[in-house]
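**Student:** Quick note, the sequences are listed as chains A and B, same order. The first sequence begins at 57 in this note's numbering and counts up one residue at a time. The second sequence begins at 57 in this note's numbering and counts up one residue at a time. Quick one: the structure is below, and I'll ask about it shortly.
There are 2 protein chains.
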Amino acid sequence: MEGKITKTYNKVSPEILEQLRSVVGDRRIQFGEAVNPVYSHDEMPIYGKYFPEVVCEAESTEEVAAIMKICSENNIPVTPRGAGTGLVGGCVPLYGGVVLSTSRMNKILSYDMNNLVVHIQPGVLLCDLAADAIAHGLMYPPDPGEKTATVGGNVSTNAGGMRAVKYGVTRDYVLAMTVVLPSGEVIKLGKTVCKTSSGYSLLHLMIGSEGTLGIITELTLKLIPKPAYDISFIVPFKTVEECIAAVPEIKLANLDPQSIEFFDADIVEMSSRFTGEPIFPVNMDGTAVAASLLVTLVGDSQEALMPQIRQLGQVAAGAGAMDVLVVDTAERKKAVWAARSSFLTAIEAQTRFLDEMDVVVPVDKIAKFLIFVRSAGAETGITIRNFGHAGDGNLHIYACADDPDEAEFHRRAKIVMDKSYAKCTEFQGQVSGEHAIGHAKKEYLRESVGDTVFNLMVQIKKVFDPLMILNPGKVCTNLEEAE
Amino acid sequence: MEGKITKTYNKVSPEILEQLRSVVGDRRIQFGEAVNPVYSHDEMPIYGKYFPEVVCEAESTEEVAAIMKICSENNIPVTPRGAGTGLVGGCVPLYGGVVLSTSRMNKILSYDMNNLVVHIQPGVLLCDLAADAIAHGLMYPPDPGEKTATVGGNVSTNAGGMRAVKYGVTRDYVLAMTVVLPSGEVIKLGKTVCKTSSGYSLLHLMIGSEGTLGIITELTLKLIPKPAYDISFIVPFKTVEECIAAVPEIKLANLDPQSIEFFDADIVEMSSRFTGEPIFPVNMDGTAVAASLLVTLVGDSQEALMPQIRQLGQVAAGAGAMDVLVVDTAERKKAVWAARSSFLTAIEAQTRFLDEMDVVVPVDKIAKFLIFVRSAGAETGITIRNFGHAGDGNLHIYACADDPDEAEFHRRAKIVMDKSYAKCTEFQGQVSGEHAIGHAKKEYLRESVGDTVFNLMVQIKKVFDPLMILNPGKVCTNLEEAE
Numbered sequence: 057m058e059g060k061i062t063k064t065y066n067k068v069s070p071e072i073l074e075q076l077r078s079v080v081g082d083r084r085i086q087f088g089e090a091v092n093p094v095y096s097h098d099e100m101p102i103y104g105k106y107f108p109e110v111v112c113e114a115e116s117t118e119e120v121a122a123i124m125k126i127c128s129e130n131n132i133p134v135t136p137r138g139a140g141t142g143l144v145g146g147c148v149p150l151y152g153g154v155v156l157s158t159s160r161m162n163k164i165l166s167y168d169m170n171n172l173v174v175h176i177q178p179g180v181l182l183c184d185l186a187a188d189a190i191a192h193g194l195m196y197p198p199d200p201g202e203k204t205a206t207v208g209g210n211v212s213t214n215a216g217g218m219r220a221v222k223y224g225v226t227r228d229y230v231l232a233m234t235v236v237l238p239s240g241e242v243i244k245l246g247k248t249v250c251k252t253s254s255g256y257s258l259l260h261l262m263i264g265s266e267g268t269l270g271i272i273t274e275l276t277l278k279l280i281p282k283p284a285y286d287i288s289f290i291v292p293f294k295t296v297e298e299c300i301a302a303v304p305e306i307k308l309a310n311l312d313p314q315s316i317e318f319f320d321a322d323i324v325e326m327s328s329r330f331t332g333e334p335i336f337p338v339n340m341d342g343t344a345v346a347a348s349l350l351v352t353l354v355g356d357s358q359e360a361l362m363p364q365i366r367q368l369g370q371v372a373a374g375a376g377a378m379d380v381l382v383v384d385t386a387e388r389k390k391a392v393w394a395a396r397s398s399f400l401t402a403i404e405a406q407t408r409f410l411d412e413m414d415v416v417v418p419v420d421k422i423a424k425f426l427i428f429v430r431s432a433g434a435e436t437g438i439t440i441r442n443f444g445h446a447g448d449g450n451l452h453i454y455a456c457a458d459d460p461d462e463a464e465f466h467r468r469a470k471i472v473m474d475k476s477y478a479k480c481t482e483f484q485g486q487v488s489g490e491h492a493i494g495h496a497k498k499e500y501l502r503e504s505v506g507d508t509v510f511n512l513m514v515q516i517k518k519v520f521d522p523l524m525i526l527n528p529g530k531v532c533t534n535l536e537e538a539e
Numbered sequence: 057m058e059g060k061i062t063k064t065y066n067k068v069s070p071e072i073l074e075q076l077r078s079v080v081g082d083r084r085i086q087f088g089e090a091v092n093p094v095y096s097h098d099e100m101p102i103y104g105k106y107f108p109e110v111v112c113e114a115e116s117t118e119e120v121a122a123i124m125k126i127c128s129e130n131n132i133p134v135t136p137r138g139a140g141t142g143l144v145g146g147c148v149p150l151y152g153g154v155v156l157s158t159s160r161m162n163k164i165l166s167y168d169m170n171n172l173v174v175h176i177q178p179g180v181l182l183c184d185l186a187a188d189a190i191a192h193g194l195m196y197p198p199d200p201g202e203k204t205a206t207v208g209g210n211v212s213t214n215a216g217g218m219r220a221v222k223y224g225v226t227r228d229y230v231l232a233m234t235v236v237l238p239s240g241e242v243i244k245l246g247k248t249v250c251k252t253s254s255g256y257s258l259l260h261l262m263i264g265s266e267g268t269l270g271i272i273t274e275l276t277l278k279l280i281p282k283p284a285y286d287i288s289f290i291v292p293f294k295t296v297e298e299c300i301a302a303v304p305e306i307k308l309a310n311l312d313p314q315s316i317e318f319f320d321a322d323i324v325e326m327s328s329r330f331t332g333e334p335i336f337p338v339n340m341d342g343t344a345v346a347a348s349l350l351v352t353l354v355g356d357s358q359e360a361l362m363p364q365i366r367q368l369g370q371v372a373a374g375a376g377a378m379d380v381l382v383v384d385t386a387e388r389k390k391a392v393w394a395a396r397s398s399f400l401t402a403i404e405a406q407t408r409f410l411d412e413m414d415v416v417v418p419v420d421k422i423a424k425f426l427i428f429v430r431s432a433g434a435e436t437g438i439t440i441r442n443f444g445h446a447g448d449g450n451l452h453i454y455a456c457a458d459d460p461d462e463a464e465f466h467r468r469a470k471i472v473m474d475k476s477y478a479k480c481t482e483f484q485g486q487v488s489g490e491h492a493i494g495h496a497k498k499e500y501l502r503e504s505v506g507d508t509v510f511n512l513m514v515q516i517k518k519v520f521d522p523l524m525i526l527n528p529g530k531v532c533t534n535l536e537e538a539e
């Protein structure tokens, strides 16, 4: 097949194992039978399990560099791994070799209050960084749903999350990073400044590159002062179309919301069954709620936000909302956002087989796209569950089934996925908003961007990793192992 | 010299000229003696004048593609050019060949009010886009000082401007683009969505690449609803150090200012002489003003902004400001911002020889850096003028002299520049915030980023432009013409 690269790797010999052991010591290395099976997959084992020969847990840039040097000299593939919370097989070692775990590189190194930045190691968990920043009176704005992901993983997939509509995505908060190249060389990209025009942005190339161009070993992230007050509103609608049509109205009304989340009646029902308590309305005065928005506004105080709150009410009424339900107590906010954050877990707990897509479509195409996917699912015997970040067009869509056997599920899910990704491309959307490509979505990426762009990506991969040893088989590399 | 590439280009023969003429017609081509000398330089002719053999004014993606195809097949260098307002020689045809002007590609194609984006051709002037967006009730946030630059040029240098402290830089508003590769192939990068994790970001690689990787022929830009109200404040200080130290205080106070501009007494005096009217204070109750901040807040109304306005007063007083002068009438705002925008013109009008730097340093290093550069200037017989975007650490610094001859000025300016860029690197700054690298700052870029990163840039250039025909000699390519 065009673009395939024929490549043979060496196995990790006892000599190479000793070299690796001399870098990380006895207690941070696993090999052979002792490798924890968790390293063979991420949160989507349905895309296949692949065992590494060795797992090394690095603690510093120097150790990562030493490991990469050993592996590049010995032609051993290396797959970097954070918390393993990915959904596209990005951290799965397709060709064996070494899994390089950054989970012990979990130190928040320092805050620079004059420049409002924090320096961290990449294995810091998102929830830990978020809490620590708040304790410093600051906020790290990116807020992906999976709070136990590493920040390094978030940077590698350019994760977005719930607050992207106001604050932007992870990319917008990465000012600088230290990177170990596949050769073991260490480079620094970016600086503690928000503005630069100093050569090609290798920093932005590295963000979202899923650990295929280099291994991030240190990050400098921009923080903002913590907003003093936030208030959320549940806005239920009778139809999905009306619900989605309200989104650009809210954006145009200059309310600058922090979040505009979307969910339909199905997901609310699943979430209620899972959490045991109904959080979101399913019925208003006898009329069924088809879909709702969850809108959050931030400001200095409730008083200061009153003009925006009143305007949100007017816009919602004009857009056909059934009501605007205030979520203002600390307890209620916690319950509502916990329910929102549990959507995926609720689906997983109640579904035997599950495949996922994370497309982004222009905001005004959301309703049409959802209707298309549901209909494709219904034709194929696949149940579609979805929720998403309506404010930015990023939809998390799950193809679910309980009945068929696994092979039959794969066959049916593939039909739905093929049709849906093709429709997404037709609607000028992107294959992934924040879950990335990994190895599971590679062919959809190629179809979406076309051969010329895909081949530019392959050439860029070769510039950084001429030996093709870093996270091979991901994003844009189609490897064929030599016989 | 290491990294130099030996290359020989063909001259534009009568046959090639006819092929080019068949693309753009008789009225949009200049050649030989008829080439307007303006195409031999940008706004810094001090970096050298270089004449193209031919100038083609393209009007469409198809024409740009056809020109690139002819030039790639015939080994002719092509230098893209917008309005020619650059300051580092980026649009200057170092090796002759074709200048491809995008200035006729100046159409605002369409607005998409559902997704809050605008589609434009790259030759639209920044001032025209800004005014047109306002007329649609929207705002294009990037606001570089040079309003007659093309937006394509702004994207190619990732220009920042006065509002970057709140809204970010040009990079943050580019959602998608059409690009003609050096081969003449047309690719599309990005989509009308704000969130993506779909392969390496070639979109972000293209932004800030100064027309060396491809020619941008169409842009999709994000807009925001127009803020209802803005108010500015002049905040004078007795010392430069106190003035700069106030900047992080203002940022930490959660005021979310749109701009924090900095200027010292010298520049205020030059500006007054130039415009004929004193706009900024030079003296408060008998005490000389050493430097001032110009702070702008935006919101729904003056009433809604009162808490922030009061807080700015408190922060300024705490930071030792001499006063806080309100700029709230339309007439006064216009005068103040016009004076601010005229700083560079004022310097140019009153200076015989001038060299420039556009470094970015961490905000808490601004004062130390300015003091260093002034002292380096004084030691060398060079007057330093400066102003800048204090909120983001981007300083526009001018090395000026009237007395020596041009060769002597170059010698002295180089001493100051060499020392200052080295100090910038020591302070963890960047070579350029928004003026970019062109051919004038290439060696400073190499020194700042180091050989490994510089060579990665060279390899990336070769991926996009293996024949090295597009804007050669810029950013990271060191060409040596073969004898």
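Even glycine gets a Cβ: it sits at the ideal position worked out from N, Cα and C. What you are looking at is a predicted structure, and each value in this text was computed from that prediction instead of being measured.
Roughly how many angstroms lie between the CA atoms of MET57 of chain B and LEU73 of chain B, to the nearest whole one?
**Tutor:** Summary for MET57 of chain B: the model assigns pLDDT 42, below 50, so the residue's position carries little reliability; its value from the coordinates is reported in the next sentence. Between MET57 of chain B and LEU73 of chain B, the C-alpha separation is close to 34 Å.
**Student:** With a threshold of 16 other CB atoms inside 10 Å of the CB of MET362 of chain B, please say whether the residue is buried or exposed.
**Tutor:** When all chains shown are included, MET362 of chain B counts as exposed.
**Student:** If you count every other CB in all the chains shown that lies within 10 Å of the CB of ARG329 of chain B, and 16 or more means buried, which is it?
**Tutor:** ARG329 of chain B should be labelled exposed.
**Student:** Could one say the Cβ of HIS445 of chain B lies closer than 9 Å to chain A's Cβ atoms, at least one of them?
**Tutor:** True, the Cβ-Cβ gap to chain A drops below 9 Å.
**Student:** Return yes when at least one heavy atom of the ligand ADP lies under 8 Å from the C-beta of THR401 of chain B, else no.
**Tutor:** As for the ligand ADP, it is missing from this structure, which has no ligand bound.
**Student:** State yes or no: is the beta carbon of GLU118 of chain A nearer than 9 Å to at least one beta carbon in chain B?
**Tutor:** Not one chain B Cβ lies under 9 Å of GLU118 of chain A.
**Student:** Mind pulling the chain A residues with CB within less than 7 Å of GLY255 of chain B?
**Tutor:** Under the 7 Å cutoff, chain A gives ILE493, LEU501, VAL505, MET513, VAL531, CYS532.
**Student:** Mark SER288 of chain B as exposed unless 16 or more other C-beta atoms lie within 10 angstroms of its C-beta, in which case mark it buried.
**Tutor:** Buried, by the Cβ-count rule.
**Student:** Less than 7 Å between C-beta atoms, sequence neighbours within five positions excluded: which residues of the same chain meet that for ALA121 of chain A?
**Tutor:** Excluding sequence neighbours, ALA121 of chain A sits near VAL236, GLY240, VAL242.
**Student:** Can you confirm whether HIS260 of chain B, when its beta carbon is compared against all beta carbons of chain D, has any partner nearer than 9 Å?
**Tutor:** The structure shown contains no chain D; its protein chains are A and B.
**Student:** Counting only Cβ pairs nearer than 7 Å, list the residues of chain A close to ASN170 of chain B.
**Tutor:** Neighbours of ASN170 of chain B on chain A, chain order: PRO304, VAL419, ASP420.
**Student:** Going by DSSP in three states, ALA538 of chain B sits in which element: helix, strand or coil?
**Tutor:** Confidence at ALA538 of chain B is low in this model, with a pLDDT of 44, below 50, so its placement is unreliable and no value can be given for it.
**Student:** Mapping the DSSP letters down to three states, classify THR62 of chain A as helix, strand or coil.
**Tutor:** Correct three-state label for THR62 of chain A: strand.
**Student:** Locate the alpha helix (DSSP H) running through GLU325 of chain B, then write down its first and last residues.
**Tutor:** Note, GLU325 of chain B: alpha helix (DSSP H), 321 to 331.
**Student:** So, helix, strand or coil for GLN358 of chain B, using DSSP?
**Tutor:** Here GLN358 of chain B sits in helix by DSSP.
**Student:** Where does ASP98 of chain A land, buried or exposed, given buried means 16+ other C-beta within 10 angstroms?
**Tutor:** Classification of ASP98 of chain A: buried, given that the 10 Å Cβ count is 16 or more.
**Student:** Helix, strand or coil: which one does DSSP assign to THR407 of chain B?
**Tutor:** Coil.
**Student:** Comparing alpha-carbon positions, which option in A:ALA457, A:MET413, A:SER253 lies nearest LEU540 of chain B?
**Tutor:** Lying before the first or after the last residue shown, residue 540 of chain B is absent from chain B, which here runs from 57 to 539.
**Student:** Does the separation of the CB atoms of ALA457 of chain A and GLY437 of chain A fall below 9 Å?
**Tutor:** Yes, the Cβ-Cβ distance between ALA457 of chain A and GLY437 of chain A is below 9 Å.
**Student:** Using a Cβ cut-off of 9 Å, pull out every chain A residue sitting near PRO101 of chain B, in sequence order please.
**Tutor:** Chain A residues near PRO101 of chain B: none, gap ~21 Å exceeds 9 Å.
**Student:** Tell me which same chain residues have a C-beta within less than 6 Å of the C-beta of ASP448 of chain A, skipping the five on either side of it?
**Tutor:** So the list reads ALA220, VAL221, once near-sequence residues are dropped.
**Student:** Verify whether the separation of the beta carbon atoms of ARG227 of chain B and SER257 of chain A is less than 9 Å.
**Tutor:** Cβ distance < 9 Å, so ARG227 of chain B and SER257 of chain A count as in contact.
**Student:** Quick check on CYS480 of chain A: buried or exposed, where buried means 16 or more other Cβ atoms within 10 Å of its Cβ?
**Tutor:** Burial call: buried.
**Student:** Let me know the secondary structure DSSP gives VAL242 of chain B once reduced to three states.
**Tutor:** If DSSP states are grouped into helix, strand and coil, VAL242 of chain B belongs with the strands.
**Student:** Counting only Cβ pairs nearer than 8 Å, list the residues of chain B close to ASP228 of chain A.
**Tutor:** Ordered by position in chain B, the residues that pass the 8 Å Cβ test against ASP228 of chain A are GLY224, ASP228.
**Student:** Spell out the partners DSSP gives TYR167 of chain B in its beta bridges.
**Tutor:** Bridge partners of TYR167 of chain B: B:VAL174.
**Student:** What is the C-beta distance between VAL155 of chain B and PRO108 of chain B, in whole angstroms, given that I count them as a contact (C-beta under 8 Å)?
**Tutor:** At roughly 4 Å, the Cβ-Cβ gap stays under 8 Å, so VAL155 of chain B and PRO108 of chain B are in contact.
**Student:** Measure from the C-beta of LYS424 of chain A to each C-beta in chain B and report whether the shortest distance is under 9 Å.
**Tutor:** No, LYS424 of chain A lies away from the interface with chain B (no Cβ there is under 9 Å from its Cβ).
**Student:** Do THR234 of chain A and ASP168 of chain A have their beta-carbon atoms positioned less than 9 Å apart in this structure?
**Tutor:** No. Outside cutoff.
**Student:** Say whether chain B places a C-beta atom closer than 9 Å to the C-beta of ARG265 of chain A.
**Tutor:** Residue identity check: residue 265 of chain A is Ser in the sequence provided, not Arg. Closer than 9 Å: yes.
**Student:** How about PRO283 of chain A: is its C-beta nearer than 9 Å to some C-beta of chain B?
**Tutor:** Yes, PRO283 of chain A counts as interfacial toward chain B.
**Student:** Taking DSSP's pairing of strands, which residues face ASP286 of chain A in a bridge?
**Tutor:** Looking at the DSSP assignment, ASP286 of chain A forms a beta bridge with A:VAL354.
**Student:** Return helix, strand or coil for ILE72 of chain B, following the three-state DSSP convention.
**Tutor:** If DSSP states are grouped into helix, strand and coil, ILE72 of chain B belongs with the helices.
**Student:** What residues in the region 381 to 393 of chain A bring their beta carbon closer than 9 Å to a beta carbon of chain B?
**Tutor:** Those residues of the region 381 to 393 of chain A that come within reach of chain B (Cβ to Cβ, closer than 9 Å) do not exist; the list is empty.
**Student:** By the criterion of Cβ-Cβ separation under 7 Å, what are the contact partners of ILE243 of chain B in chain A?
**Tutor:** Within chain A, the residues near ILE243 of chain B are THR508, VAL509.
**Student:** Using 8 Å as the threshold, is the region 492 to 499 of chain A in touch with the region 426 to 434 of chain A, meaning 3 or more CB pairs across them?
**Tutor:** The region 492 to 499 of chain A is not in contact with the region 426 to 434 of chain A.
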